[in-house]
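Last residue of the sequence shown: 217 in full-length UniProt numbering, with the numbers rising by one and none dropped. Notes follow the structure.
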Amino acid sequence: METDEKEKGTAKRKKHEIVAVYDRIAFDIANRIAKGEIAEGARLSGRSTMSSEYGVSPETIRRAFSLLEEMAVVLVQHNSGVVVLSRDNAKKYITRHGSRTETRVILSRIKDLIEEHERIDRELFNITKELVTATERFTASNPFSPYECSISAKSKALGKTLANLNFWQKTGATVIAIRREDSILLSPGPDFSLAKSDVLVIVGDLKTRELVLELIS
1 METDEKEKGT AKRKKHEIVA VYDRIAFDIA NRIAKGEIAE GARLSGRSTM SSEYGVSPET
61 IRRAFSLLEE MAVVLVQHNS GVVVLSRDNA KKYITRHGSR TETRVILSRI KDLIEEHERI
121 DRELFNITKE LVTATERFTA SNPFSPYECS ISAKSKALGK TLANLNFWQK TGATVIAIRR
181 EDSILLSPGP DFSLAKSDVL VIVGDLKTRE LVLELIS
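See the structure below:
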């Protein structure tokens, strides 16, 4: 899982780097034209030569020229190379370059965040399903859940024993402990008398709770 996340992160970084590379190359070429290092009307070397000069692929050079052609800085002539059209347009490209690159990076980041959000949603859904399944499995394997019932001051069970109440026969529940003040009595016998504020810790199915409350109310 960790390896997958690292690979995804690397892929995203590479994607941003590729975008930045051809933008930077286009900016550099425009800058050279604006400074007069490359004159108007000059024919630039082919993509293969330029790719060697910048150390990138011919496709990256093609994208860089496409950006410059959009603002009429150069003219791409298929099979004939690239011709420099306008020094002024090169200056305009440089002026617009910063905000344009920033916009592309922001849009790319938004896309990444949307994809990440969708991935998290899918993972959360799967984990929730696993939790529900695990809970159902636990409930199925533990049908008898412990719960507590208190003896109130008005309880008809006050002073009576579990035997007097026919507790098990009437409720089907088992008293596994009784809390009285700061002490706990485990597995109380049938002759244990109930007192005010005693808390019965009981094991049984869901139906037994109502029967117990009815018996001791």
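Using N, Cα and C, we set each Cβ at its ideal position, and we do this for glycine too. None of these values were measured; they are calculated from a predicted model.
If one requires a minimum length of 4 residues, the alpha helix (DSSP H) runs lying completely within the segment 113-188 are 167-171, in chain order. V84 carries a strand assignment under DSSP once its states are collapsed to helix, strand and coil. Taken atom to atom, the span from the alpha-carbon of H117 to that of K129 is near 18 Å. In the structure shown, I29 adopts helical secondary structure according to DSSP, grouped into three states. In the three-state reduction of the DSSP assignment, I202 falls in the strand class.
By the 16-neighbour rule on beta-carbons within 10 angstroms, L194 is buried.
The C-beta of V175 has 16 or more other C-beta atoms within 10 Å across all chains shown, which makes the residue buried. Taking C-alpha positions only, S48 is separated from T60 by approximately 10 Å. A straight-line Cα-Cα distance of about 8 Å links I33 and E40.
DSSP places L107 in the helix class (H, G or I) of the three-state scheme.
With fewer than 16 other Cβ atoms from the protein chains shown falling within 10 Å of its own Cβ, P146 counts as exposed.
Of the other Cβ atoms in all chains shown, 16 or more fall within 10 Å of the Cβ of A157; this residue is therefore buried.
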